[in-house]
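In the working numbering, the protein residues as written are 16 to 266. C-beta: ideal position from N, C-alpha, C; glycine also.
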C-alpha cells in the first residue's frame, strides 16, 4: 500500500509573490557548468563530474547484464537502484543551484531552450539526463512563475558562436570553455559570452520598438549599439532601468 500526501503550497506561493523583484537574469545552460549567468557567475560546476561517475556505474552494470544474456535492464534491482539514485542526484543538484539563482530576486529570467546532450557521455546517459534533467528544470521554472518571476525562453542558435562584444559570428571563436573573438579580440569564458547573447535575445523578445540606447557602464554590450554596426538594431524599452539586468551598474 502506497499513500502520497500532497501539501497545499498555495499560501507559500502567495507569500513569495509579495517579494519585491527587479532586474533581469540571463542564464546559459550546460552540462560542464549547469548555469552561467550574464554577469560571469558559474553555478553548478561539479555536477558534470557527478554525472560521469554515475555514467560509469550504470554503463558497467548494463554491460555485465548484457554479457550474462539479461537484456531487460529494468528487471535488475541494482541497475534500477543506480538509475533512481542518479535521478535523485539530478533533482537535488538542480533544485539547490536554482534556489540560489533567485536570491537576488530577479523580476524575470531569460533562459535558452534546453539541450542536454554531451559527447562526453554515453548514449544511455544522454537519454537519462535529457528525460530527467529537462523535467526537473522545467518544473522549477514553473515554480518560479508561480511566485511571480517571468520566465522567457529563447532560441540558443549561434549564441555560442557570436561575440557579445562586437556581434561577429564564427564557430572558430570558441575553443572549449574559452571564447576569443577573431574580429575584436574579446576574450572571456565561453558560457558567460553565451549568457550575454541570451540576454540580448531576451531583450529583443520582450520589446518591439527599436532604439539606439548604449548600455553605459557595461562594456560587453556597448559595441552592439555603435553606429554602423552590421547587426540588426536592438529593441530595448524606453525606460531602460525597468529592464536593467541584475547587477548592471546604473548609468
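Just to confirm before moving on: does the CB-CB distance between residue i and residue j stay below 8 Å?
i, j, result
"residue 88", "residue 66", "no"
"residue 92", "residue 123", "no"
"residue 113", "residue 155", "yes"
"residue 174", "residue 213", "yes"
"residue 119", "residue 170", "no"
"residue 167", "residue 221", "yes"
"residue 97", "residue 76", "yes"
"residue 62", "residue 108", "yes"
"residue 94", "residue 116", "no"
"residue 205", "residue 218", "no"
Under 6 Å Cβ to Cβ from residue i, same chain only, skipping five residues before and after it: list those, please.
i, result
"residue 55", "207"
"residue 57", "48 and 51"
"residue 267", "Outside the shown range of the chain, which is 16 to 266, sits residue 267, and nothing can be said about it."
"residue 183", "196 and 198"
"residue 17", "Residue placement at residue 17 is poorly supported in this model, since its pLDDT is 44, which falls under 50; the coordinates are not used for a value here."
"residue 135", "none"
"residue 145", "131"
"residue 191", "none"
"residue 71", "none"
Among the residues of its own chain, which have a CB less than 8 Å from the CB of residue i, if the five just before and after it don't count?
i, result
"residue 141", "131, 132 and 133"
"residue 106", "147 and 151"
"residue 143", "73, 98, 101 and 102"
"residue 85", "91"
"residue 110", "151 and 155"
Using a beta-carbon distance below 8 Å, is residue i in contact with chain C?
i, result
"residue 173", "Here chain C cannot be found, since the structure has a single protein chain."
Excluding the five sequence neighbours on either side, which residues of its own chain have a C-beta within less than 7 Å of the C-beta of residue i, listed in chain order?
i, result
"residue 210", "41, 42, 43, 51, 52 and 53"
"residue 188", "176, 178, 194, 195, 196 and 197"
"residue 185", "176 and 197"
"residue 90", "none"
"residue 59", "48, 49, 50, 108 and 112"
I think residue i touches residue j, with their Cβ atoms under 8 Å apart; what is that distance to the nearest whole Å?
i, j, result
"residue 139", "residue 83", "Not confirmed; about 17 Å, so no contact."
So, do the region 193–204 and the region 157–164 have three or more beta carbon pairs nearer to each other than 8 Å?
The region 193–204 is not in contact with the region 157–164.
Residue ranges of each beta strand (DSSP E) within the region 145–213, 3 or longer
Those beta strand (DSSP E) runs which fall completely within the region 145–213 and span 3+ residues are 165–169, 193–195 and 202–204.
Pick out the complete beta strand (DSSP E) segments inside the region 120–148, 3 residues or longer, and give them in chain order.
123–127
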